[in-house]
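A quick write-up on the structure given underneath.
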Amino acid sequence: GADPTSLGILKPPGDYEADIVIGEAQPLGNSMNFGGPLLGIFACREDMTLIRQMPGRIIGMTKTQDGTKNGFCMALQTREQHIRREKATSNICSNEALCGVASAVYMALLGPEGLRELGETVMYNANYTMHLLSKIDGVKAPLFKSAHFKEFTVSFDETGLSVNDVNQKLLGRRIHGGKDVSREFSEIGQTALYCVTEMHSRGEIESLAAAMEDVLAGR
């Protein structure tokens with residue numbers, strides 16, 4: 007899987023020999039919509055064996071009869087249920103065309119340079135947040151030393167408080183804390199997963215750090 011907003015600064019999956027790639031396109035100009043409707047990304051390398059097994063409709067680009075303009079049409083329609091229902095390889099799909107149009111407009115407006123700046127902003131915001139949180143006594147951010155894009159772990163083991171305690175106190179200050187992953191991964195202790203994107207301002211990040219420092223200090 008790949009986050010499309012990271013591909014302006016990171017190598018694409020094809021560069022490390024991925025055959026099939028999936029991703030979530032919601033960050034490309036779509037609202038969160040309380041979980042839906044959204045759209046996904048499904049891509050594969052240029053191999054007809056893989057392409058013929060892909061679900062959903064495939065749109066190809068071709069030339070008009072006079073060869074002067076580009077045109078778009080449905081390709082490999084023999085896979086579709088309206089051609090051969092009993093042998094179709096594409097029987098179930100969802101129509102998220104409106105979300106797809108929104109993402110296409112978003113990417114067209116950003117362009118290659120804008121996508122690069124988007125990725126840099128996300129990475130800067132995540133690293134700035136980790137830097138501020140790591141300065142708070144007892145907080146370890148991130149728990150794992152690595153490159154981080156959007157999401158990172160924060161450990162509260164040395165604070166004497168559980169993630170739930172911290173989140174409840176932050177909520178009292180109108181701030182949603184990170185996702186508590188201590189149940190799913192008990193071996194890493196009282197750890198939360200935080201996510202920071204281009205939508206978070208510097209002021210919001212600093213407000214989170216200040217509130218967390220106050221909460222852990224008992225203020």
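Convert by adding 6 to the 1-based position in the sequence shown; the result is the number in the working numbering. A virtual CB, placed ideally from N, CA and C, is assigned to each residue, including glycine. All values reported here derive from a predicted model rather than from experimental measurement.
Coarse secondary structure for residue i, derived from DSSP in three states
| i | result |
| --- | --- |
| I15 | coil |
| K141 | coil |
| D9 | coil |
| T197 | strand |
| V202 | coil |
Where residue i falls, given that 16 or more other Cβ within 10 Å makes a residue buried
| i | result |
| --- | --- |
| C201 | exposed |
| S140 | exposed |
| C105 | buried |
| H154 | buried |
| N39 | exposed |
| G184 | buried |
| K146 | buried |
| T11 | buried |
| L56 | exposed |
| F150 | exposed |
| F48 | exposed |
| D37 | Here residue 37 turns out to be Ser, not Asp, going by the sequence shown. Label assigned to S37: exposed. |
| M205 | exposed |
| M54 | exposed |
Neighbourhood of residue i by C-beta, 6 Å cutoff - its chain only, sequence neighbours within 5 removed
| i | result |
| --- | --- |
| G77 | T68, T70 |
| I64 | A81, L82 |
| R5 | Lying outside 7 to 225, the shown extent of the chain, residue 5 is not represented and no answer is given. |
| S282 | Because the chain in this structure spans residues 7 to 225, residue 282 falls outside the shown range and cannot be described. |
Residues near residue i in its chain [Cβ-Cβ closer than 8 Å; skip 5 each side]
| i | result |
| --- | --- |
| K75 | K69 |
> Contact between the region 67 to 74 and the region 128 to 135: three or more CB pairs below 8 Å?
Replying inline: Segments in contact, no.
>> Below 8 Å, how does it come out for the region 143 to 162 and the region 196 to 214: are there three or more Cβ pairs, yes or no?
In response: Verdict: yes, contact present.
>> Taking 8 Å as the cut-off, does the region 16 to 23 touch the region 33 to 46 (at least 3 CB pairs, one atom from each stretch)?
In response: Contact between the region 33 to 46 and the region 16 to 23 is absent, because fewer than three Cβ pairs lie under 8 Å.
> What beta strand (DSSP E) runs, 3 residues minimum, are completely inside the region 30 to 116?
Replying inline: Counting only runs of 3 or more, we get 46 to 50, 64 to 69, 76 to 81.
> Counting only runs that start and end within the region 111 to 190, where is the beta strand (DSSP E) found for 3 or more residues in a row?
Replying inline: Runs of the beta strand (DSSP E) spanning 3 or more residues and lying entirely within the region 111 to 190 occur at 157 to 161, in chain order.
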